[in-house]
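Below is one structure; the comments refer to it alone.
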Amino acid sequence: MLCRCDGGPVTDVKEVPPKAAGPAGAARWASGTGLLLALVATVVWSGSFVSARALHHTVPPVQAAFWRWIVAVAAVAPLAARETWRQRALIRRHLGFVTLAALLGITVYNTLVNQAGMSTSAGQMGMIMAASPVVMAVYERLGGRRLGGRRIAGMAIACTGVLLLVGNGSLALHFAPGDLWMFAAMLSFASYSALLRRRPAEIGQLAFLLATFVLGALMLAPAFAVSVAVQGGFEPTAGTVGPLLYVGVLSSALAFFAWNRAVALIGATRTGIVYYLQPVCVAGLSFALLGESTGPVQILCLVLILGGVALGAGRVRERPAANVRT
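Here the sequence shown is numbered in numbering that gives the first Met the number 0, starting from 0 and rising by one per residue.
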């Protein structure tokens, strides 16, 4: 269970529901709040793929990723600096975990998304990312939870949809470079989401966010310097600064806060259920803002992916895993 901090003592999220609600009411509160936060993150993140695609002609991928996290640090620091300083000893104690989370969710994931945007459409990127809840379910199985036939079938259907999508309707697997970058980004994001369940409870959420943002930007700094030296910088215009502010403030500070809290409340697998909506949001935004169209093959793949992940990662009634040691 993650912790929250509102400027006073760190309080466990179990204490947040109304006192009169009782255990059942508290569970409903956690479920509803978690799903709402996951929805906020999903809708905001949908715009990230459109932004990555919009920047692909003007801002090199590594530079876009670096400036995104610089903006994110500037947005979060006024709210989180005090808590982060107070918990600096805890962060040092768990530095390995925090660094791994920053590497997967900050440094690698966003850079791969920007790289994918150089050679594939925003809609395609969103549909490949829709398979991430299945990977989250696999991680939870490795952590001791049973998958069952329903989830295994769902994973098979969703994976078929992804393979058809990147193969342009064929299972011959003629991958476009951007599809491969996006597939790697999906694996990185799913790994980050699964890792959140093991986050040290004593580290506050704002402190965790700021620490991962700072570490992620620091790990990107050498690649950023090389990119500037080799490719040159970019001209700061409304067309470049606007998308960077969007991904830095909304897609980073707001969406990561909402997603991390949702995972704390309802788990990575249930949070991932809401992520199924992302391809729909991305398709709508890319059509409205970029003029990208969706053909029959993409629609078929979208149906397979959404159906597979809904079947594979949906909430099911499970028997206690008596023979699984945790």
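For each residue, glycine too, the CB sits at the ideal point set by N, CA and C. Since the model is a prediction, treat every value here as computed from it, not as a measurement.
Rounded separation between residue i and residue j - CA only
i, j, result
"residue 228", "residue 115", "22 Å"
"residue 32", "residue 132", "19 Å"
"residue 125", "residue 208", "24 Å"
"residue 239", "residue 54", "7 Å"
"residue 270", "residue 230", "39 Å"
"residue 75", "residue 37", "19 Å"
"residue 27", "residue 266", "14 Å"
"residue 113", "residue 60", "5 Å"
"residue 191", "residue 100", "6 Å"
"residue 256", "residue 23", "26 Å"
"residue 223", "residue 152", "42 Å"
"residue 244", "residue 148", "44 Å"
"residue 295", "residue 46", "23 Å"
"residue 121", "residue 303", "18 Å"
"residue 232", "residue 306", "43 Å"
"residue 110", "residue 34", "27 Å"
"residue 226", "residue 50", "20 Å"
"residue 86", "residue 97", "13 Å"
"residue 183", "residue 134", "12 Å"
"residue 237", "residue 57", "12 Å"
"residue 65", "residue 241", "15 Å"
"residue 91", "residue 79", "16 Å"
"residue 188", "residue 129", "11 Å"
"residue 2", "residue 198", "For residue 2, the pLDDT reaches just 44, beneath the cut-off of 50, and the residue's location in the model is therefore unreliable, leaving the point undetermined."
"residue 309", "residue 272", "7 Å"
"residue 117", "residue 123", "12 Å"
"residue 203", "residue 89", "10 Å"
"residue 195", "residue 287", "34 Å"
Coil, strand or helix - residue i by DSSP
i, result
"residue 153", "helix"
"residue 294", "coil"
"residue 159", "helix"
"residue 233", "coil"
"residue 57", "coil"
"residue 175", "coil"
"residue 2", "Annotation note: pLDDT 44 at residue 2 (below 50); position unreliable, coordinate value reported separately. Three-state DSSP puts residue 2 in a strand."
Residue interval of the alpha helix (DSSP H) (run including residue i)
i, result
"residue 202", "Counting along the chain, residue 202 falls outside any alpha helix (DSSP H), and DSSP gives it neither H nor E."
"residue 267", "254 to 273"
Checklist entry - What are the uninterrupted segments assigned as alpha helix (DSSP H) that are 4 or more residues long and contained completely in the segment 82 to 148, given in chain order? => result 87 to 92, 94 to 101, 108 to 115, 121 to 128, 131 to 141
Checklist entry - Touch check for the segment 40 to 59 and the segment 276 to 286: three-plus C-beta pairs under 8 Å? => result yes
Next on the checklist: For the segment 243 to 253 against the segment 261 to 269, do three or more pairs of beta-carbon atoms, one drawn from each stretch, fall closer than 8 Å, so that the two count as touching?
Outcome noted: no
Next on the checklist: Quick check: the segment 148 to 158 against the segment 217 to 226, are at least 3 beta-carbon pairs closer than 8 Å?
Outcome noted: Touching, no, given that fewer than three Cβ pairs across the two stretches are closer than 8 Å.
Item to check | At least 3 beta-carbon pairs within less than 8 Å: the segment 59 to 79 vs the segment 100 to 118 | outcome: yes
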